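Down below is the structure, laid out as structure tokens.
2 protein chains.
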Amino acid sequence: MATDSVSSPSPRPTLRERKKQRTREALIDTALNLFTQQDFDSVTLDELCDRVEVSKRTFFRTFASKEEVAMAPYEDMWKAFIDELETLPVAAECSILQVLQDAVLAAMRTMNTGDWAHRLLSCTRLAGRTPAIEAHCLYFCGVTVRAALDVLHRRFGLDPHDLRPRLALDILVAAFHRALEAWADRPQDPTVEHLATDTLAAFAAIPGSLTFTGVPPANRAG
Amino acid sequence: MATDSVSSPSPRPTLRERKKQRTREALIDTALNLFTQQDFDSVTLDELCDRVEVSKRTFFRTFASKEEVAMAPYEDMWKAFIDELETLPVAAECSILQVLQDAVLAAMRTMNTGDWAHRLLSCTRLAGRTPAIEAHCLYFCGVTVRAALDVLHRRFGLDPHDLRPRLALDILVAAFHRALEAWADRPQDPTVEHLATDTLAAFAAIPGSLTFTGVPPANRAG
DNA sequence: ACCACCTTGCCACTGAGTGGCGTTTGCTTT
DNA sequence: AAAGCAAACGCCACTCAGTGGCAAGGTGGT
Numbered sequence: 001m002a003t004d005s006v007s008s009p010s011p012r013p014t015l016r017e018r019k020k021q022r023t024r025e026a027l028i029d030t031a032l033n034l035f036t037q038q039d040f041d042s043v044t045l046d047e048l049c050d051r052v053e054v055s056k057r058t059f060f061r062t063f064a065s066k067e068e069v070a071m072a073p074y075e076d077m078w079k080a081f082i083d084e085l086e087t088l089p090v091a092a093e094c095s096i097l098q099v100l101q102d103a104v105l106a107a108m109r110t111m112n113t114g115d116w117a118h119r120l121l122s123c124t125r126l127a128g129r130t131p132a133i134e135a136h137c138l139y140f141c142g143v144t145v146r147a148a149l150d151v152l153h154r155r156f157g158l159d160p161h162d163l164r165p166r167l168a169l170d171i172l173v174a175a176f177h178r179a180l181e182a183w184a185d186r187p188q189d190p191t192v193e194h195l196a197t198d199t200l201a202a203f204a205a206i207p208g209s210l211t212f213t214g215v216p217p218a219n220r221a222g
Numbered sequence: 001m002a003t004d005s006v007s008s009p010s011p012r013p014t015l016r017e018r019k020k021q022r023t024r025e026a027l028i029d030t031a032l033n034l035f036t037q038q039d040f041d042s043v044t045l046d047e048l049c050d051r052v053e054v055s056k057r058t059f060f061r062t063f064a065s066k067e068e069v070a071m072a073p074y075e076d077m078w079k080a081f082i083d084e085l086e087t088l089p090v091a092a093e094c095s096i097l098q099v100l101q102d103a104v105l106a107a108m109r110t111m112n113t114g115d116w117a118h119r120l121l122s123c124t125r126l127a128g129r130t131p132a133i134e135a136h137c138l139y140f141c142g143v144t145v146r147a148a149l150d151v152l153h154r155r156f157g158l159d160p161h162d163l164r165p166r167l168a169l170d171i172l173v174a175a176f177h178r179a180l181e182a183w184a185d186r187p188q189d190p191t192v193e194h195l196a197t198d199t200l201a202a203f204a205a206i207p208g209s210l211t212f213t214g215v216p217p218a219n220r221a222g
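Shown next as structure tokens:
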């Protein structure tokens, strides 16, 4: 289920595994195409499975739901984020929020293979117009945030009742979603570096969101 | 669909409407009981509809999904929040985030009727252990945040590209969810005033979440 | 009392998701 | 290289959420 290409050197992860990965990617690719051309709800899983020549039973052994296949590229990035969070070296007086931001940036750069950026773009736009996918996405974020919270507690000794690390994570996710939104609205072909730029811009807007009054017409967002 | 008891004086909102409200509340009440005693997934809608003596068709005319009936009390509060946001008088140099916090507090106090608090408690605990409900809840929050953002733009003239108001809303929701979590863990009978206390505590933790380093063992959360 | 309309109940249907079981296919051991 | 093992797959039948259509009952207005 997880991409184990990162943590293990694995010169060749056994044929069986490769086949599994191949069907997984075929499913993702075909699903993204179908959902984009037609509509998420109007595409049936039978239709998708016919295209990929896979039984519906196999689909559900690979993905837990119809929504999951649509958000797989997005989810892969957050899994990489967890990995980064476990291994990232941290400067002593760095704020937790800063550490989290670094981990997100690092995670998205590990995804810079194949045309992950294009797939993520499809994900994002699908999530933007499909309630079921958006709901699933947000739930997944909740799970990821809890996992990340565990890592934080393990790496730094934190008070289990302190709300601040959890809030920092929620803010991180919220800001990243703003970045995705902006990135998906770009006219040009999307690249990981553009996404990094938009992400930094969203992060920069965080401090002001607590204090700004909105009465003066417009200060700068950063 | 919305509770129109707030906006209209309505001495008696016509018999037809009252009947509708009665079935709606019977469905919510019975659903909350069933989902709590048994399990959300193991309770079928046929079972629920049998208890309330209502056809499944009618259920879906009242609620859009099985998850929605479980989160109805929660959703009602956020609808009240939107109303508050439209009407709340605001001091001139008050930060937007402060306005939002006031609106949340005001909204939960308008809910202080019947045993809304108990129903909200059931909601919260259900959402905490049922993925499908949590997903629906988070999606609903997303919709509500967008609606609130519209109100903010209407009441204060905001730059449409400014990320800060949206981030402030996301932070608000995140903090409120922490408050709900703490509130649901209280041993005593839950009251709206306790919820208000926990909400204020969660709001107080927001500023620190941007800056704390986590290296010193434990500062105070507030 | 009448009519118009809103709401409900019933029926049939689609599609997601699950469990069971027999079969294929890749991996391993000798 | 053949046999044995385990993992993955395909097929079948099933449950249940959710939808559309249409007829019947209750409600509000005249």
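If you read the sequences in order, they're chains Y and G.
Heads up: the first sequence begins at 1 in the UniProt record's numbering, then just goes up one per residue.
Heads up: the second sequence begins at 1 in the UniProt record's numbering, then just goes up one per residue.
Glycine included, each C-beta is placed from N, C-alpha and C at the ideal position.
Keep in mind that this is a model prediction, so the values were computed, not measured.
_Three or more C-beta pairs under 8 Å: does that hold for the region 113-125 of chain G against the region 67-82 of chain G?_
The region 113-125 of chain G is in contact with the region 67-82 of chain G.
*What residues from chain Y crowd round Ser65(G), counting only those whose CB sits closer than 8 Å?*
What Ser65(G) touches in chain Y: nothing, since even the nearest Cβ is about 10 Å away.
*Rounded C-beta distance between Arg51(Y) and Thr30(Y)? I'm assuming under 8 Å.*
That pair is a contact at about 5 Å.
*If you follow the alpha helix (DSSP H) that Gly142(G) is part of, which residue opens it and which one closes it?*
Residue range 131-155 is occupied by the alpha helix (DSSP H) that includes Gly142(G).
*Taking the alpha-carbon positions, what's the Glu93(Y) to Ser209(G) distance?*
Near 15 Å, if we compare the C-alpha coordinates of Ser209(G) and Glu93(Y).
_Interface residues of chain G facing Asp170(Y) [CB-CB closer than 7 Å]_ = The contacting residues are Ala174.
_By the 9 Å beta-carbon criterion, what residues does the region 74-85 of chain G contribute toward chain Y?_
Listed in chain order, the positions of the region 74-85 of chain G with a beta carbon within less than 9 Å of a beta carbon of chain Y would be empty, since no residue qualifies.
*List the residues of chain G whose Cβ lies closer than 7 Å to the Cβ of Cys123(Y), in chain order.*
The contact set of Cys123(Y) on chain G, defined by CB atoms closer than 7 Å, is empty, because the minimum CB distance reaches about 16 Å.
*Just by C-beta distance, which residues in the region 130-154 of chain Y are closer than 7 Å to chain G?*
Cβ contacts with chain G: Pro131, Glu134, Ala135, His136, Leu138, Tyr139, Gly142.
*Please confirm whether any heavy atom of the ligand ZN lies closer than 7 Å to the CB of Asp83(G).*
Inclusion of the ligand ZN in the displayed structure is not the case, the ligand content being empty and no account of it being possible.
*Report the option in Val54(Y), Ala107(Y), Leu97(Y) whose CA atom is closest to the CA atom of Lys19(Y).*
For the residues Val54(Y), Ala107(Y), Leu97(Y), the minimum Cα distance to Lys19(Y) belongs to Val54(Y).
*Where the alpha helix (DSSP H) containing Ala205(G) begins and where it ends*: Run containing Ala205(G): none; DSSP gives neither H nor E here.
*asked:* Nearest by alpha-carbon distance to Thr113(G): which of Glu134(G), Val192(G), Leu48(G) is it?
replied: If you compare the alpha carbons of Glu134(G), Val192(G), Leu48(G) with that of Thr113(G), the shortest gap goes to Val192(G).
*Say whether the region 100-114 of chain G touches the region 188-202 of chain G, bearing in mind that this needs 3 or more beta-carbon pairs closer than 8 Å, one atom from each stretch.*
Judged by Cβ distances under 8 Å, the region 100-114 of chain G makes contact with the region 188-202 of chain G, as three or more pairs qualify.
*Given a cut-off of 8 Å, decide if Leu45(Y) and Phe59(Y) are closer than it, judged by their beta-carbon atoms.*
Closer than 8 Å, so yes.
*Would you verify that the beta carbon of Phe212(Y) is, or is not, closer than 8 Å to some beta carbon of chain G?*
Interface criterion met: the Cβ of Phe212(Y) is under 8 Å from a Cβ in chain G.
*Exposed or buried, which one is Gln37(Y) when buried takes at least 16 other CB atoms within 10 Å?*
Within 10 angstroms of the beta-carbon of Gln37(Y) lie fewer than 16 other beta-carbons, which makes it exposed.
*Closer than 9 Å by beta-carbon distance: list the chain G residues that pair up with Leu88(Y), in chain order.*
Near Leu88(Y) there are no residues of chain G at all, since even the closest Cβ is about 14 Å away, more than 9 Å.
*asked:* For Ala91(Y) and Ala201(Y), what's the separation of their Cα atoms in angstroms?
replied: If you draw a straight line from the Cα of Ala91(Y) to the Cα of Ala201(Y), it comes to about 22 Å.
*Are the Cβ atoms of Ser65(G) and His161(G) separated by less than 8 Å?*
Here Ser65(G) is not near His161(G), since their CB atoms are 8 Å or more apart.
*Quick one: which residues of the region 187-212 of chain G get their C-beta closer than 7 Å to a C-beta of chain Y? List them in chain order.*
So the list reads Ala202, Ala205, Ile206, Pro207, Gly208, Ser209, Leu210, Thr211, Phe212, given in the order they occur along the chain.
*asked:* For the structure I just gave you, are there three or more beta carbon pairs, one from the region 155-173 of chain G and one from the region 143-160 of chain Y, closer than 8 Å?
replied: Segments in contact, no.
*Return the first residue and the last residue of the alpha helix (DSSP H) that Asp29(Y) is part of.*
Going by DSSP, Asp29(Y) is part of the alpha helix (DSSP H) stretching over 15-37.
_Applying the 10 Å Cβ sphere with the 16-neighbour rule, what's the burial state of Leu15(Y)?_
Exposed is the call here.
*Buried versus exposed call for Glu84(G) [16 or more other C-beta atoms within 10 Å across all chains shown]*: Burial state of Glu84(G) is buried, judged by a 10 Å Cβ sphere holding 16 or more other Cβ atoms.
_Own chain residues within Cβ distance below 7 Å of Leu169(G), not counting five before or after_ = Listed in chain order, the non-local C-beta contacts of Leu169(G) below 7 Å within the same chain comprise Leu100, Val145, Ala148, Leu149, local neighbours out to five positions each way being set aside.
*To the nearest angstrom, how far is it from the Cα of Arg166(Y) to the Cα of Ala132(G)?*
Distance between the alpha carbons of Arg166(Y) and Ala132(G): 22 Å.
_Cβ distance (whole Å) where Phe203(G) is taken to contact Ser95(Y) below 8 Å_ = With a Cβ gap of about 20 Å, Phe203(G) and Ser95(Y) do not count as contacting.
_Expected contact under 8 Å - CB spacing of Leu138(G) and Tyr139(Y) to nearest Å_ = Cβ atoms of Leu138(G) and Tyr139(Y) come within 8 Å of each other, at about 6 Å.
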